[in-house]
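Engineer:
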Amino acid sequence: MNSSLLNWCKEHSVELDSRLLLLADRVLSNDYILKSTPIAKVPKDALLTIRNSSMHQQLSQLNQSRVVLLSFALAFEIHRGERSTWLSYIESLPKEAPEIASLWLPTPEMDGMELAKELDSLCNTKEGIRGRHSRAQLEDIFHTSLAPLADGISFNDYLYAYAITSSRLFTVDNYHDVGLVPVADLFNHTEESTVEFESDTLVCGCCGNLSHSQTNDKQTVDIVTTETIEPHQELFNSYGDTLSNVQLAMDYGFTLDANEFDRVRFDGDAIAFQWEFNDNDQELFVNDCNLYIDSEARVSLGLFGVTDIAIIDHIVMAYEQSSKVAEKPLREYIQCLIDKIDARLKEYPMHVNITNAMLVQMRQDEIGLLETSKRRFKDLL
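Position 2 of the sequence shown, counting from 1, maps to 27 under our numbering, and the rest follow consecutively.
Okay, structure coming up:
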């Protein structure tokens with residue numbers, strides 16, 4: 026952490042555990058820290074929220090989503106420069122905003138990709154999906170509702186603030202709603218986190234205290250360890266437990282290698298059927314009525330489309346014994362599935378010129394899952 030931000034933390038009564046080693050690109054421990062230890066306490070009045078913002082009165086009059094309003098609050102604080110309460114925090118933010126995929130426009134190179142489906146849904150929906158907004162939606166909101174509130178803030182300024190805000194905001198409570206937590210930005214992220222954020226979310230909606238009578242109550246957002254930390258160990262936060270690479274790209278601007286929550290979806294309706302099938306410890310099927318191939322290249326039973334569990338068990342046994350399926354009806358079921366996978370593969374253009382690393386990875390991963398699944402079933406014929 027730079028000295029300016031550290032001084033800001035002291036001035037705003039942010040409590041940091043002395044065993045933390047705060048570096049520019051990560052947070053380490055220089056000693057043992059027990060599980061469930063609060064390693065940081067950030068007063069809620071130090072958070073950058075709509076309530077705390079210099080623009081609170083104006084923004085509270087607008088009927089827009091919380092991320093839209095908080096993003097403009099950040100843009101305004103950036104515009105204020107040295108007059109802003111959060112100057113040191115703002116100076117610690119990256120100069121280049123993360124590549125939030127929800128702000129991208131669908132292109133022919135994305136055809137077939139799960140990301141393209143998400144972008145199409147987003148752009149064809151009037152309101153943002155799950156808090157997301159397309160670039161076109163934001164541009165309309167900015168020029169009609171936000172730009173008149175403050176001179177000197179351009180749409181590009183706002184897009185930067187939106188990308189920062191949407192990728193870093195935390196739920197605070199029912200008074201502040203969401204906000205930016207300065208210390209939280211210091212932690213890198215992984216699927217298995219070692220810290221979590223705690224906050225009393227049910228507070229007085231008028232004053233933000235636990236009760237309206239507790240006027241001296243000092244509310245904080247606490248960062249707490251979820252396991253015992255050893256010396257020199259890096260501490261990690263988590264974006265969420267079940268986010269696919271498409272969701273990570275849309276919301277946070279990055280992807281993971283071998284994301285276990287990735288899926289390649291197929292068009293069609295789910296089968297209203299429950300199978301008595303244990304999908305553990307086998308490579309062919311996942312017990313789900315929806316239509317997709319999962320991150321292990323397993324086919325959902327809904328996509329396979331066969332309700333007879335004896336047939337499914339027979340195919341699994343043949344695969345595990347590296348034998349062929351001889352029965353004609355079963356071979357026809359398998360060939361029908363292969364045809365579905367081939368049709369799905371044809372949705373991806375053969376020759377593309379993609380330079381974006383996230384797009385390249387997501388495309389390769391999806392095609393790889395389809396090809397792997399297809400190969401497993403072809404080996405049965």
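Cβ coordinates follow ideal geometry from the N, Cα and C atoms, glycine included.
1. Would you please state the rounded distance, in angstroms, between the beta carbons of S269 and D287? I believe it to be under 8 Å.
2. Tell me which residues share the same chain as E134 and place their Cβ nearer than 6 Å to its Cβ, disregarding the 5 neighbours each side in the sequence.
3. Please report the distance separating the alpha-carbon of C314 from that of I337.
4. Following the continuous beta strand (DSSP E) through D198, name the residue where it begins and the one where it ends.
5. Taking the CB atoms as reference points, tell me whether A122 and I189 lie closer together than 8 Å.
6. Please go through the same chain and pick out, in chain order, the residues whose beta-carbon is closer than 6 Å to the beta-carbon of L144, but skip the five residues on each side of it.
7. Drop a sphere of 10 angstroms on the beta-carbon of A100, count the other beta-carbons inside from all chains shown, and report buried for 16 or more, exposed for fewer.
8. Excluding the 5 residues flanking P207 on each side, which residues of the same chain have their C-beta closer than 8 Å to its C-beta?
9. Can you tell me the Cα-Cα spacing of L205 and Q82, whole angstroms?
10. Using 10 angstroms around the beta-carbon of D294, count the other beta-carbons present and answer buried if the total reaches 16, otherwise exposed.
11. Along the chain, where does the alpha helix (DSSP H) containing E116 start, and where does it finish?
12. Starting from I248, trace the beta strand (DSSP E) in both directions and tell me its first and last residue.
13. Quick check: D136 and E396, are their CB atoms within less than 8 Å of each other?
14. On the criterion of 16 or more Cβ atoms from any shown chain inside 10 Å, does V385 qualify as buried, or is it exposed?
15. Mapping DSSP to helix, strand and coil, what is I336?
16. Can you tell me where the beta strand (DSSP E) with A351 in it begins and where it stops?
17. Output needed for I166: all residues of its chain with C-beta closer than 7 Å, excluding positions within five of it in sequence on either side, in chain order.
18. Counting only runs that start and end within the segment 244–326, where is the beta strand (DSSP E) found for 3 or more residues in a row?
19. Cutting at 8 Å between CB atoms, please list the residues of its own chain near K365, excluding the five before and the five after it.
20. Given that a residue counts as buried once 16 or more other Cβ atoms are within 10 Å of its Cβ, and exposed if not, what is A209?
21. Helix, strand or coil for K66 per DSSP?
22. Return the chain-ordered list of same chain residues with a C-beta closer than 7 Å to the C-beta of I363, the five sequence neighbours on each side being excluded.
23. What does the alpha-carbon distance come out to for the pair Q86 and L171?
24. Less than 8 Å between the beta carbons of L309 and Y358, yes or no?
Structural biologist: Quick answer:
1. Rounded to whole angstroms, the Cβ separation of S269 and D287 is 5 Å, and the two are in contact under 8 Å.
2. So the list reads V377 and I379, once near-sequence residues are dropped.
3. Between C314 and I337, the alpha-carbon positions lie close to 14 Å from each other.
4. For D198, the enclosing beta strand (DSSP E) covers residues F195 to D198.
5. Cβ atoms of A122 and I189: closer than 8 Å.
6. Answer for L144: P131, listed in chain order.
7. That one is buried.
8. Same-chain partners within the cutoff: L30, W33, C34, V39, V67, A71, L72, L73, W111, Y114 and S117.
9. About 19 Å.
10. Per the 10 Å Cβ criterion, exposed.
11. Per DSSP, the continuous alpha helix (DSSP H) segment holding E116 begins and ends at L112 to S117.
12. Where I248 is concerned, the enclosing beta strand (DSSP E) stretches over T245 to T250.
13. Cβ atoms of D136 and E396: not closer than 8 Å.
14. Residue environment for V385: exposed (fewer than 16 other C-beta atoms within 10 angstroms of its C-beta).
15. The answer is helix: DSSP assigns I336 an H, G or I state.
16. Looking at the DSSP string, A351 is not in any beta strand (DSSP E), and its letter there is neither H nor E.
17. Sequence-distant partners of I166 (beyond 5 residues in either direction) whose C-beta falls short of 7 Å from its own C-beta, in its chain, are Q89 and V93.
18. Listed in chain order, the complete beta strand (DSSP E) runs (minimum 3 residues) inside the segment 244–326 are 245–250, 288–290 and 317–319.
19. F291 and L328.
20. A209 comes out buried.
21. DSSP places K66 within a strand segment (E or B) once states are collapsed to three.
22. Closer than 7 Å at Cβ, skipping near neighbours: K399, F402 and K403.
23. Spanning the two alpha carbons is a distance of roughly 11 Å.
24. No. Outside cutoff.
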